Amino acid sequence: MKDILTARWMVQMIHTADNMYFHGWDERNGGNISLLLTEEEVKDYISGEVIRTIPLNFDAKEIIGKYFLVTGTGKYFKNVKYDPAANLGLIRIAQNGVDAELMWGYSDGGRFTSELPAHLMSHIARLAIDPENKVIMHCHPTNILAMTFIHTLDEREFTRTLWQMCTECIVVFPDGVNVLPWMLCGTNEIGEATAEKMKTSRLVVWSLHGIYGAGKNLDETFGLIETAEKAAEIYMKIAHLPRVNTLTDEQMHLLEDRFGVKGREGYLD
Ligand code: 2HA
Ligand code: ZN
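Mapping of the sequence shown onto numbering that gives the first Met the number 0: position 267 corresponds to residue 266, and the numbering continues sequentially without gaps.
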């Protein structure tokens, strides 16, 4: 058996959690990540023996047998690199669809993030649209969060404001951002609402809380959130100042043509 800490996907997960912490997006135990892995990717690194079974508390029958590397509940992103085995776990969705089988990790008796319903439901929603989706990422980026206190939560308006803040925004997230009102976190209800929003955008803002991102790999998903957060940062710097210049819809149409993307239907005039 190979050392799991040398697996490429493990190294990327550890680096990503560290990077997110240093961006200030994951204070204390804030945030969580889940990375979908194939049997092929994991088989050389695990014995195949189930260490423990942990109930999911919802039915995940669409993803039976799939493997996910997931951050642990109550764990701090800043500590992942020092003790990956305690802070991360590799789970497989059991054949009954309602349990997770622990294959590696959570070595101090821990379990997966309390937000696992939102993660798995979002994986199911994204996989139906994009079979290559692998990552769901949740964090608390400062400026996105700040923006939800002072900006309308109307999704078209919220998206347009972010698109206007950096030239590349419409290229990076042409599908825009969806926005949920404040909801109680850690519940199946917020999980279902997030997954529903994931059907039309890879970014879902949780008002007064943070953001969810989805993507094909850790870098792409990180970059998606990073770009939205950069735009929100610019907005927070200028929102209270008179705006002399702005990116116009005409300019954004030029970006669409140049980069071969199409902004969300009806979001540009
Ligand atoms: O505790 O961010 O939303 C981790 C969280 C919950
Ligand atoms: Zn959170």
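Beta carbons: idealized from backbone N, C-alpha and C, even for Gly.
Keep in mind the model is a prediction, meaning the values are calculated, not measured.
In terms of alpha-carbon separation, which member of the options lies closest to residue i?
i, options, result
"R51", "M235, D107 and G259", "D107"
"E188", "I3, H118, N142 and D174", "H118"
"Y66", "K80, G265 and G104", "G104"
"T186", "V10, F57, D153 and M9", "F57"
"M120", "K77, M197 and R91", "M197"
"F157", "Y234, E219 and E255", "Y234"
"G96", "T72, P130 and L55", "L55"
"L101", "W162, T151 and G71", "G71"
"L267", "L161, A59 and E26", "L161"
"A59", "I53, A93, M19 and E219", "A93"
For residue i, count neighbouring Cβ atoms within 10 angstroms of its own Cβ and tell me buried if that reaches 16, exposed if not.
i, result
"T193", "buried"
"L36", "buried"
"M0", "exposed"
"P133", "The residue asked about is misnamed: residue 133 is Lys in this sequence, not Pro. Classification of K133: buried, given that the 10 Å Cβ count is 16 or more."
"W181", "exposed"
"K74", "buried"
"P173", "buried"
"I45", "buried"
"K261", "exposed"
"D98", "buried"
"G64", "exposed"
"N31", "buried"
"E167", "exposed"
"F111", "buried"
"A127", "exposed"
"E114", "buried"
"K236", "exposed"
"G259", "exposed"
"D25", "buried"
"G190", "buried"
Taking C-beta to C-beta, are residue i and residue j nearer than 8 Å?
i, j, result
"T226", "V176", "no"
"L179", "V204", "yes"
"G47", "V69", "no"
"G209", "P116", "no"
"L217", "L34", "yes"
"W169", "A238", "First, the residue type needs correcting, since residue 169 is Ile and not Trp in the sequence shown. Not in contact: I169 and A238 (Cβ atoms no closer than 8 Å)."
"F221", "M136", "yes"
"M8", "E40", "Note that residue 8 corresponds to Trp in the displayed sequence, not to Met. Yes, Cβ-Cβ distance for W8 and E40 is below 8 Å."
"E195", "I123", "no"
"K77", "I13", "no"
"A84", "G109", "no"
"I3", "C138", "no"
"A213", "R125", "yes"
"I143", "E228", "yes"
Which first and last residues belong to the beta strand (DSSP E) in which residue i is found?
i, result
"L315", "What the structure shows of the chain is the stretch from 0 to 268, and residue 315 is not part of that stretch, so it cannot be assessed."
"P162", "According to the sequence displayed, residue 162 carries Trp and not Pro. Counting along the chain, W162 falls outside any beta strand (DSSP E), though it belongs to the alpha helix (DSSP H) covering E154 to M164."
"Y211", "G209 to G214"
"R51", "R51 to P54"
Taking CB distances under 8 Å as the criterion, tell me whether residue i reaches chain D.
i, result
"V243", "Within the model displayed, chain D is absent; a lone protein chain is all it includes."
Residue range of the alpha helix (DSSP H) that residue i falls in?
i, result
"F258", "D248 to F258"
"N177", "Not the alpha helix (DSSP H): N177 falls in the beta strand (DSSP E), residues V176 to L179."
"W24", "Careful: W24 lies outside any alpha helix (DSSP H) and carries neither H nor E."
"E167", "That residue, E167, is in no alpha helix (DSSP H); it is neither H nor E in DSSP."
"A231", "L217 to I237"
"A145", "T141 to I149"
Minimum length 4: unbroken alpha helix (DSSP H) runs contained in the segment 184 to 208: List check, alpha helix (DSSP H) in window: 187 to 197.
Length at least 3, wholly inside the segment 95 to 135: the beta strand (DSSP E) runs in chain order: Within the segment 95 to 135, the complete beta strand (DSSP E) runs of at least 3 residues are 98 to 104.
To test your reading of the DSSP string, which unbroken beta strand (DSSP E) runs of 3 or more residues are found completely within the segment 61 to 89? With a minimum length of 3 residues, the continuous beta strand (DSSP E) runs that stay inside the segment 61 to 89 are 66 to 70.
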